[in-house]
Amino acid sequence: IINNRWYGEAEYEKLQQAGQNTTGVHDFPQYTAAFGVPLFEHMGGARSDFNITDRSKLFYRFTHDDNIAVTGFGGVGLSAFANSNSTNSHVAGWDYTTGSFVHSVRFSFLKFINGIVDGNALAGTPVLPAQINITGLGGFVIGPNANAPQNTYQEDRQVKYDGSFVHGHHTFQYGVEYNRIDQAGFAS
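Note that our numbering has the sequence shown beginning at 20, numbered continuously upward.
Structural data, given as structure tokens:
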């Protein structure tokens, strides 16, 4: 953005994938078929670097990833679920030197949300109001997956300082770090 002083970049990627799972239900041939296992993902990010002086530099980076993928069925099971994930992260840093010392300071925040949702509509497997499980047919299961709905939330905060000191042919390194992870899970 400003030559030899301020730099920046951004990126984006989209992924769509179509796969198949097969089922083989001898007693209910109408459920013997190939069903879709789609995957959709969006990833993006940006970074900015700023040179305060030739001995002091700052940077900031943001990334985002969200995806949904169907799984959890096949064979005699027609009870699909989908993992729906979203992750955002922020990282900032400051690198600088003072005399024979080199300093590095980092701050980061990451938020992750995982949702397990019914995936039958996405997969094309039968959508029923309740799950039916017939154990005498080798575990035949149809309808909403027992694992859905479910959500997990996680936040990670981190602060880190690393330093080094050069004396003759020796380098002394030191540092300190604080990391806090909060997590909660909900299921019904």
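For every residue, glycine included, the Cβ atom is placed at its ideal position computed from N, Cα and C.
Listed in chain order, the non-local C-beta contacts of GLN202 below 6 Å within the same chain comprise GLN173, local neighbours out to five positions each way being set aside. Within its own chain, the residues whose Cβ lies closer than 6 Å to the Cβ of PHE128, once the five positions on either side in sequence are excluded, are HIS109, ARG176, listed in chain order. Remark: C-beta atoms of PRO148 and ILE161 do not approach each other more closely than 8 Å.
If only uninterrupted beta strand (DSSP E) runs of at least 3 residues are considered, those enclosed by the region 91-149 are 100-117, 120-137.
Secondary structure note for PHE54: its beta strand (DSSP E) is the uninterrupted segment 53-55.
A residue is called buried when at least 16 other Cβ atoms come within 10 angstroms of its Cβ; ASN139 meets this threshold and is buried. By the Cβ test, the region 65-82 is not in contact with the region 35-51, since fewer than three Cβ pairs between them sit closer than 8 Å. It is roughly 13 Å from the alpha-carbon of GLY158 to the alpha-carbon of PHE47. With fewer than 16 other beta carbons inside 10 angstroms of its own, LEU34 counts as exposed. Linking SER123 to ASN170 through their CA atoms gives a straight-line distance of about 36 Å.
Looking at the DSSP output, VAL89 sits in a beta bridge with ALA101. Listed in chain order, the non-local C-beta contacts of TYR193 below 6 Å within the same chain comprise GLY182, local neighbours out to five positions each way being set aside. Around the beta-carbon of VAL136, 16 or more other beta-carbon atoms lie within 10 Å, marking it buried. The region 47-62 makes contact with the region 83-93, as at least three CB pairs between them are under 8 Å.
Per the DSSP secondary-structure output, THR41 pairs in a beta bridge with ALA53.
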